[in-house]
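Undergrad: Residue numbers (UniProt numbering): 1 to 595.
For each residue, glycine too, the CB sits at the ideal point set by N, CA and C.
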Amino acid sequence: MPHPFSRYRLRLFWDFVRIVVVPSALFASFICAAQRELCWIAPFAWLTFLLAAGYIRLQYQWFKQRAEARRHGGRPVPQVVGRWPGNIDILIKLGKAARTRYPGAYYRTLFEEYKCTTLNLRLLWADFIVTMDEEHQKHILATGFNHFWRGRRQKERMETFLGDGIFNRDDEEWKKHRALARPFFAKDRISDLELFEKYSSLTLGILNIASSTGTPIDAQDLYSRFSLDAASEFLFGERFDTLHGSLPVAGSAKLGTKGTATNDAFGAFVSAFEAIQEIVTTRAIRGYFWPVRELFQDQAEPHAEVISKFLDPIVQRTLDRKKKMRQAGVTPTTEHDTFLEYLADNTEDMKVIRDQLLNILLAGRDTTSCLLTYITYAMAMYPDVARKMRAEVLAHCGAAESPTMDKLKALRYVHAVINETLRLFPPVPINVRETRAEGVLLPPSDRTYPSPAAEPVYLPGETTIMYLPILTQKNEALWGADADVFDPERWLDGRLKRFTENPMMYTPFSGGPRICIGQNYARNEATYFLARLLQQFDTFTLAPDAQPAGSQPPPEWQYDGASREPVERIRPAYALTLYVKGGLWVRFGKAAEAA
């Protein structure tokens, strides 16, 4: 099989032929047929011809879209009009916003400027749709599911990283992957409290040591280790044991791609794991022609090699065990303790197994880590929330005993905090789909601004559409005037009716057929850990003095009236998944009765 990057080059080659070579050949034919005296103007005429051909092609595409929209009884998506050709200025602003602004903030600015919730950015003359409309999101994820897929462009961006895994495939191949993974997220497996207890105890032991000396700790890094170690035993049957590794040290921690970095094998894996996510996200911002920037070197490949070196020994050990069992005449059982064993019984292709594990590992690590990180941030920002959570945990679970599933289910306020955290800080704040070849109508809807559109919106075939849960879940038209406010009580009072009547306004784990199969595992794991954490600790204080240089919120956020920028004391950012730039440095205060 050819290297995936060679296919990107081939696609660029044919684009070059279509955009440059064909018009040039037509022009050359014209010059050859003209008189020799005209040859001196050939270079100027050639450039003019190329520009004219491009302009005519674009006008034809736009005319065809409008005709198709009318034929289907809809209207084209409103276009953003930049100052520079191809909306290059908009593309530059998107790239800058990804580095300096709050996640989704620039898109929100555009929605407000154009007074609608679905827009065509038309980047480099290619359609690029963005939406924060929950009706359109509902159609993408559920009611119009068969009209959308991951698509060729997204697969191109992610191939080096996620390869043949479930998050990078469509149709029958995706169904096969999902059916393969589903049994390992059955009710009895996702309620494995012994596994949660083992890694909660290790994590709390680290927090106890830090608390005894008043030392701040990077909670984001710690939770990443907690969730990764638990996920590795759950999926692989063996421990990564990262909780026993070297931790970032306050005052000397280095700024990593997402959080902080350590100089060991795990640190190298995390650095590669996070850097490749950032590369994929940057590719999406650059749009259709992103391979031009990587024409001679796939930027993701070196990081993919580091990840492979970390995971391949684990896979190889399992394959070796299976081989020894066959040589000894032992018949494999149909019951498998781990996801890895199941994969090894179905294929011996190292890459296929690694891709599957990496996809599930990405979700297992980043979802729980993100959720716990932002809940801890909320408890530090809003001490009353932490006190209510702890009071409920002590009332239902006691001060020391291990919680049962029934007791965890009874923690209504804790679950409200989880819901509110997922609303404001969804683990996947921005996601992408692509329309299939035939195009699709989106239902008429505009829930942010007055005079909602009466016509449906038409999307051409093979068009990228980005939907933004981080904006949909803070849309004042859906959640009320306090949509940007952290208020867990909205999940316990009359405001809950808004969500129950319109569930697609809240999709932190996606929705429809591709809804995250591990969401209950993540919620159970997070709830269990929080119960154990709150049994022992009662104060959570942010430690800005420990933040690595360059990770504090920019001063201009204080003067930005949009969304949560003025109130944040950390810097949310995203690369596939949401994180806190530079880590979440916190001092954990031991409860007096637990001391």
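Please list, in chain order, all residues of the same chain as glutamate 476 whose beta carbon is under 7 Å from its beta carbon, the five residues on each side excluded.
TA: The residue given as residue 476 occupies position 476 in the sequence shown. Only Ala483 meet the Cβ criterion.
Undergrad: Considering just the uninterrupted stretch of the alpha helix (DSSP H) at residue 660, what are its terminal residues?
TA: Nothing in the structure corresponds to residue 660, since the chain is present only between 1 and 595.
Undergrad: In chain order, what residues of the same chain lie with their CB nearer than 7 Å to the CB of lysine 388, ignoring the 5 residues before and after it?
TA: One-based indexing of the sequence shown puts residue 388 at position 388. Contacts found: Tyr413.
Undergrad: Using the rule of at least 16 other Cβ atoms within 10 Å of the residue's Cβ for burial, across every protein chain shown, is residue 597 buried or exposed?
TA: Coverage of the chain is limited to positions 1 through 595, which leaves residue 597 absent and any answer about it impossible.
Undergrad: Look up arginine 587 in the DSSP assignment and say whether it is helix, strand or coil.
TA: Along the sequence shown, one-based indexing puts residue 587 at 587. Arginine 587 falls in the strand class under three-state DSSP.
Undergrad: Looking at the strands, I want to know which residues DSSP matches up with isoleucine 129.
TA: The residue you call residue 129 lines up with position 129 of the sequence shown. Answer by DSSP bridge pairing, in chain order: Asn120 and Ile465.
Undergrad: So is tyrosine 55 buried or exposed if we call it buried at 16+ other beta carbons inside 10 Å?
TA: Indexing the sequence shown from 1 puts residue 55 at position 55. Tyrosine 55 should be labelled exposed.
Undergrad: Thinking just about the alpha-carbon of each residue, which of Gly165, Val417, His303 and Arg433 is nearest to the one in valine 393?
TA: Your numbering for residue 393 matches position 393 in the sequence shown. That would be Val417, whose Cα lies nearest to the Cα of valine 393.
Undergrad: What does the Cβ neighbour count give for lysine 323, buried or exposed, with the cut at 16 atoms within 10 Å?
TA: For the purposes of this step, residue 323 is taken as residue 323 along the sequence shown, with counting starting at 1. Exposed, by the Cβ-count rule.
Undergrad: Rounded to whole angstroms, what is the Cα-Cα separation between leucine 343 and leucine 422?
TA: To locate residue 343, count along the sequence shown from 1; it is residue 343. To locate residue 422, count along the sequence shown from 1; it is residue 422. So the alpha carbons of these two residues sit roughly 32 Å apart.
Undergrad: For the beta strand (DSSP E) containing arginine 433, list its first residue and its last residue.
TA: As a position in the sequence shown, residue 433 is number 433, starting the count at 1. Looking at the DSSP string, the run of the beta strand (DSSP E) that includes arginine 433 is 431-435.
Undergrad: Which ranges does the beta strand (DSSP E) cover as unbroken runs of at least 3 residues, wholly within the segment 384-439, from first to last along the chain?
TA: Runs of the beta strand (DSSP E) inside the segment 384-439: 431-435.
Undergrad: Where does serine 451 fall in DSSP's three states?
TA: Position 451 of the sequence shown holds residue 451. Unreliable positioning characterises serine 451 in this predicted model, as indicated by a pLDDT of 49, which lies under 50. A coordinate reading is not provided.
Undergrad: Which word fits methionine 558, buried or exposed, when buried means at least 16 other C-beta atoms lie within 10 angstroms of its C-beta?
TA: For the purposes of this step, residue 558 is identified with residue 558 of the sequence shown, where counting begins at 1. Contrary to the premise, residue 558 reads as glutamine rather than methionine in this sequence. Exposed, since its Cβ has fewer than 16 Cβ neighbours within 10 Å.
Undergrad: At a Cβ threshold of 9 Å, is cysteine 397 touching chain C?
TA: Looking at the structure shown, chain C is missing, and only one protein chain is on hand.
Undergrad: Would you please state the rounded distance, in angstroms, between the beta carbons of tyrosine 458 and alanine 69? I believe it to be under 8 Å.
TA: Taking the sequence shown and counting its residues from 1, the one referred to as residue 458 is at position 458. Taking the sequence shown and counting its residues from 1, the one referred to as residue 69 is at position 69. Contact holds; Cβ gap of about 4 Å.
Undergrad: Going by DSSP, name the residue or residues bridged to serine 510.
TA: For the purposes of this step, residue 510 is taken as residue 510 along the sequence shown, with counting starting at 1. The partner list for serine 510 (beta bridge, DSSP) reads Pro508.
Undergrad: If you run the structure through DSSP and keep just helix, strand and coil, what is phenylalanine 161?
TA: Within the sequence shown, residue 161 is the residue found at index 161, counting from 1. Phenylalanine 161: helix per DSSP, three-state reduction.
Undergrad: Decide if serine 451 is buried, meaning its Cβ has at least 16 other Cβ atoms within 10 Å, or exposed.
TA: Taking the sequence shown and counting its residues from 1, the one referred to as residue 451 is at position 451. Low confidence applies here, because serine 451 scores a pLDDT of 49, under 50, leaving its location unreliable and the question unanswered by this model.
Undergrad: With DSSP as the reference, label leucine 291 as helix, strand or coil.
TA: The residue labelled residue 291 in the question sits at position 291 within the sequence shown. Here residue 291 turns out to be proline, not leucine, going by the sequence shown. Helix.
Undergrad: Buried or exposed: which applies to isoleucine 430, given that a residue is buried once 16 or more other Cβ atoms fall within 10 Å of its Cβ?
TA: In the sequence shown, counting from the first residue as 1, residue 430 sits at position 430. Result: buried.
Undergrad: With a threshold of 16 other CB atoms inside 10 Å of the CB of leucine 10, please say whether the residue is buried or exposed.
TA: Numbered from its first residue, the sequence shown carries residue 10 at position 10. By the neighbour-count rule (16 or more Cβ atoms within 10 Å), leucine 10 is not buried but exposed.
Undergrad: Kindly list the residues whose CB is nearer than 6 Å to the CB of threonine 367, restricted to its own chain and excluding five residues on each side of it in sequence; keep chain order.
TA: The sequence position of residue 367 within the sequence shown is 367, counting from 1. Only Pro427 and Ala522 meet the Cβ criterion.
Undergrad: Do you know whose CA, among Val280, Pro183, Ala363 and Lys581, lies nearest serine 510's CA?
TA: For this step, residue 510 is matched to residue 510 along the sequence shown. Per the Cα distances, Ala363.
Undergrad: Considering just the uninterrupted stretch of the beta strand (DSSP E) at threonine 539, what are its terminal residues?
TA: Position 539 of the sequence shown, counted from the first residue, corresponds to residue 539. 537-542 is the extent of the beta strand (DSSP E) around threonine 539.
Undergrad: In terms of alpha-carbon separation, which member of Glu568, Gln552 and Leu542 lies closest to phenylalanine 588?
TA: By one-based count along the sequence shown, residue 588 stands at place 588. The shortest Cα separation from phenylalanine 588 among Glu568, Gln552 and Leu542 belongs to Leu542.
Undergrad: Report all residues from its chain with a CB closer than 6 Å to the CB of arginine 433; omit the five preceding and five following residues, and keep chain order.
TA: Here residue 433 corresponds to residue number 433 of the sequence shown, with the count starting at 1. Hits under 6 Å: Ile140, Phe148 and Ile465.
Undergrad: Assuming leucine 94 and isoleucine 285 are in contact, meaning their beta carbons sit under 8 Å apart, how far apart are those beta carbons, in whole angstroms?
TA: The residue labelled residue 94 in the question sits at position 94 within the sequence shown. The residue labelled residue 285 in the question sits at position 285 within the sequence shown. Indeed, because the Cβ distance is near 5 Å, the residues count as touching under 8 Å.
Undergrad: Give me whichever residues DSSP pairs with lysine 254 in a beta bridge.
TA: Start at 1 with the first residue of the sequence shown, and residue 254 comes out as number 254. DSSP lists Ala261 as partners of lysine 254.
Undergrad: According to DSSP, is alanine 575 helix, strand or coil?
TA: Numbered from its first residue, the sequence shown carries residue 575 at position 575. Looking at alanine 575 - three-state DSSP - the assignment turns out to be strand.
Undergrad: Start and end of the beta strand (DSSP E) containing leucine 180?
TA: In the sequence shown, residue 180 corresponds to position 180, counting from 1. Taken as a continuous stretch (DSSP letters only), leucine 180 belongs to no beta strand (DSSP E), being part of the alpha helix (DSSP H) at 171-181.
Undergrad: Can you give the beta carbon distance from lysine 407 to cysteine 397, rounded, assuming they're within the 8 Å contact cut?
TA: Counting from 1 along the sequence shown, the entry for residue 407 is found at position 407. Counting from 1 along the sequence shown, the entry for residue 397 is found at position 397. Between cysteine 397 and lysine 407 the Cβ distance is about 5 Å, and since that is below 8 Å, they are a contact.
Undergrad: Three Cβ pairs or more, each shorter than 8 Å: is that satisfied between the segment 162-176 and the segment 352-362?
TA: Short answer: they touch.
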